[in-house]
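Residue numbers (the numbering used here), protein chains in the order written: chain C, 3 to 323; chain F, 3 to 323. A virtual CB, placed ideally from N, CA and C, is assigned to each residue, including glycine. Values in this document were obtained by computation on a predicted structure and should not be read as measured data. Before any comments, here is the structure.
Protein chains: 2
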Amino acid sequence: MALGEFDLIARYFKRPVARAALGVGDDCALLRLTPGQQLAVSTDLLVEGRHFLSTVAPERLGHKALAVNLSDLAAAGASPLAFTLSLSMPRAEERFLEPFAQGLLALAEAHGIELVGGDTTGGPVLCIGITVMGEVPPGQALLRSGARVGDEIWVSGSLGDARLALEAFRGSLSLPGEAFEQVRRAMECPSPRVALGLALRGLASAAIDLSDGLLGDLGHVLRASGVGAELAWEALPRSAILGVQSEAWQRACLLTGGDDYELLFTAPAAHHHQVLSSATMVQTPVHCVGQIVAAERGLVVTQNGAALDLQGLSAFDHFKS
Amino acid sequence: MALGEFDLIARYFKRPVARAALGVGDDCALLRLTPGQQLAVSTDLLVEGRHFLSTVAPERLGHKALAVNLSDLAAAGASPLAFTLSLSMPRAEERFLEPFAQGLLALAEAHGIELVGGDTTGGPVLCIGITVMGEVPPGQALLRSGARVGDEIWVSGSLGDARLALEAFRGSLSLPGEAFEQVRRAMECPSPRVALGLALRGLASAAIDLSDGLLGDLGHVLRASGVGAELAWEALPRSAILGVQSEAWQRACLLTGGDDYELLFTAPAAHHHQVLSSATMVQTPVHCVGQIVAAERGLVVTQNGAALDLQGLSAFDHFKS
């Protein structure tokens, strides 16, 4: 059954708002910020066939579309506040919209944030645009530019399962059913590390979320901070499923995988134990995987003390791939 | 020449930011709000073939993509602050991106606002998602819900030229070359009425921007306010070009045209002269086109004192058309 644009907004996405002064249904949403805080804003556009497969369950897609945006707030150490949603799709179908809205709004509720505005329109493929807003005290946001020589490099969770799932979908490798479901969940249902981002305020010197792959995203931090990095191959956290794949697949997935939505952050070595205890407080596993070195040394991954050859591995780029 | 995603952001869209604490190039942008103000947020997604024709000049498209968002802030009486941009497109081409960015950033500069974040990605057709942020003192935003019986109904500028241009593009009617260029400019280069929106704070009782056509958008105000309206056909402002078209085309363009991005607002009759003088101060023509009546009377358009038959005219809906 086809729904009109305004019916659609009202039926699936309009909710009473508590924190926002005015939500969906006027020309603008109005938001109250906590006095003295800065506004943190991030935006992501997900396109069918590029960022998600048409096989994904709508509920998971709704979850992921918001999760990747919350992940950006997490990387800034910002506290989520509200978000807007733009949807472009060939048809407005209830069987898609209802579970999509459920997945989206369940994650929103889990983080205490509200959908405050949106736009729905026709279009040849499904496109989901989300802009998320959060707040952070002035000077406390985690930036990419704060890494200093001697800082330790950390990542949360484990890396590479999303890429492994993508390769299994593509038929490049095969996985047992249960293993496939587990890595598929990593790809389709990432957990944005919002609580960790907040816990790292004042502890981490720099942070970024891992969306385009470890080497590429770490590269952004290194360029912004004017430093180099040495990563220990053995220390990179991987799931038991990824850990039994070939060395080549492990490298591809761990170093350039993308879509992990874990946090990569740096912190002075003196904060080592406090980082561990803060991460434990928010029930998020973190692993120290290397250290920041001088810019001249570039980006090196060592295995048994020798530098890995990183040629042929490159970060994902939407217009180069 | 194909550009990588990060080159593209840096080359065309990265600008030094003044007002924002941190602009394009980190996980989030950080913005300082004026203390005590509320944040106003609006988002719009423009899809090729739906919201614009592939024949539009990239510079005009850049202008329009931001203009339609600023128009939402204008309708709320909010002062523009910053915006984010998401672009999905088949190829990253300089011959498109350079003029597109020029048109977009020229309008941004004219309104003193900054591009603070974005996302670029591949996709089958050009999609442009913009989220615009502004600020407004608590309680002063213009809402759709404030119209009261006896209020006068006003519109800015003139209506219907964008629809006339669309029909000329479709071949439904033909226009002399110069006339075509003029209405085409109305369709492709709307002027968001930001200054008027600010001038109407404290004067207007309700406001909306005319994006989906007069009847449809006025209908939103009437529903939100729980009132009816009587419009005078003769009073609806139209260009000399539209004024010489057939009665049927005039009705279609003026009443359901869409894409005008003028403001429709209501104000107590006692504010009549102050509305006129405030509009003159910001050099924006406004016309009183009717009045708010009791909800039971619905929405009526009168011509020579008799109600027009509005059957067969309906507001544009992206999923019903």
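Asked	Found
Does DSSP put D262(F) in a helix, in a strand, or in coil?	coil
Taking the alpha carbon of E137(F) as the point to measure from, which residue in F85(F), R165(F), S213(F) and G228(F) has its own alpha carbon closest?	F85(F)
Thinking just about the alpha-carbon of each residue, which of W156(C), A110(C), A31(C) and G114(C) is nearest to the one in G292(C)?	W156(C)
Quick check on the DSSP output: the alpha helix (DSSP H) that includes L75(F) runs from which residue to which?	P60 to A78
Alpha carbon to alpha carbon, how far is R225(C) from Q104(F)?	27 Å
CB-CB under 7 Å to F208(C), same chain, minus the five flanking residues each way: which ones, in chain order?	Correcting the residue identity first, residue 208(C) is Ala in this sequence and not Phe. For A208(C), where only same-chain residues beyond five positions count, the Cβ hits under 7 Å are L144, L145, R146, S147, G148, A149, V223, S227, F267 and T268.
Is D214(C) close to the ligand ZN? I mean its beta-carbon at under 7 Å from any heavy atom of the ligand.	With respect to the ligand ZN, the structure offers nothing, as it holds no ligand at all.
Look up S158(F) in the DSSP assignment and give the residues it is bridged to.	V288(F)
In its own chain, which residues sit with a C-beta less than 8 Å from the C-beta of L278(C), not counting the 5 before and 5 after it?	V288
Whole angstroms is fine: what's the gap from N71(F)'s alpha carbon to G230(F)'s?	27 Å
Helix, strand or coil: which one does DSSP assign to V151(F)?	coil
How many angstroms separate the CA atom of N306(F) from the CA atom of R240(F)?	17 Å
If you run the structure through DSSP and keep just helix, strand and coil, what is C129(F)?	strand
Would the stretch 64 to 82 of chain C and the stretch 104 to 113 of chain C be scored as touching if the rule is three or more Cβ pairs under 8 Å?	yes
Where S73(F) and P60(F) are concerned, what is the direct C-alpha to C-alpha distance, given to the nearest angstrom?	20 Å
Going by C-alpha to C-alpha distance, which of A296(F), D46(F) and S81(F) sits closest to S88(C)?	D46(F)
Taking contact to mean at least 3 C-beta pairs separated by less than 8 Å, is the stretch 126 to 137 of chain F in contact with the stretch 244 to 258 of chain F?	no
What residues from the stretch 146 to 158 of chain C come within 8 Å of chain F, judged by C-beta to C-beta, listed N to C?	R146 and S147
Could you check how far apart the C-beta atoms of L354(C) and L312(C) are, in whole angstroms? I think they sit under 8 Å.	There is simply no residue 354(C) to check, as chain C begins at 3 and stops at 323 in what is shown.
Which class does Q184(C) belong to by DSSP, given the choice of helix, strand or coil?	helix
Strictly by DSSP, which residues pair up with F267(C)?	W156(C) and A209(C)
Buried or exposed: which applies to M91(C), given that a residue is buried once 16 or more other Cβ atoms fall within 10 Å of its Cβ?	buried
Using 8 Å as the threshold, is the C-beta distance between L238(F) and L33(C) below it?	no
Looking only at DSSP bridge pairs, what is I294(C) linked to?	A231(C)
Please tell me whether R195(F) and E264(F) are closer than 8 Å, where the distance is taken between their beta carbons.	yes
Going by DSSP, which residues form a beta bridge with Q39(C)?	BP columns for Q39(C) are empty, so no partner.
Please identify, using Cβ separations under 7 Å, the residues of the stretch 59 to 89 of chain C that lie next to chain F, in order along the chain.	D74, L75, A77, A78, A80, T86 and S88
Using the Cβ count rule (16 or more neighbours within 10 Å means buried), how would you classify R299(C)?	exposed
Relative to the C-alpha of P82(F), which residue among E236(F), H53(F), F102(F) and V118(F) is closest?	V118(F)
For Q247(C), which of helix, strand or coil comes out of DSSP?	coil
Going along the chain, which residues of the stretch 33 to 53 of chain C sit with their C-beta nearer than 9 Å to a C-beta in chain F?	L33, R34, L35, P37, G38, Q39, Q40, L41, A42, V43, S44, T45, D46, L47, L48, V49, E50, G51, R52 and H53
Using a Cβ-Cβ cut-off of less than 7 Å, list which residues of the stretch 204 to 216 of chain F approach chain C; keep chain order.	I210 and D211
With distances taken between CB atoms, is the gap from L220(C) to G79(C) smaller than 8 Å?	no
Is the separation between the beta-carbon of E232(C) and that of V295(C) shorter than 8 Å?	yes
Relative to chain F, which residues along the stretch 250 to 270 of chain C have a C-beta separation below 7 Å, given in chain order?	none
Chain C beta carbons: is any one of them nearer than 8 Å to that of D121(F)?	yes
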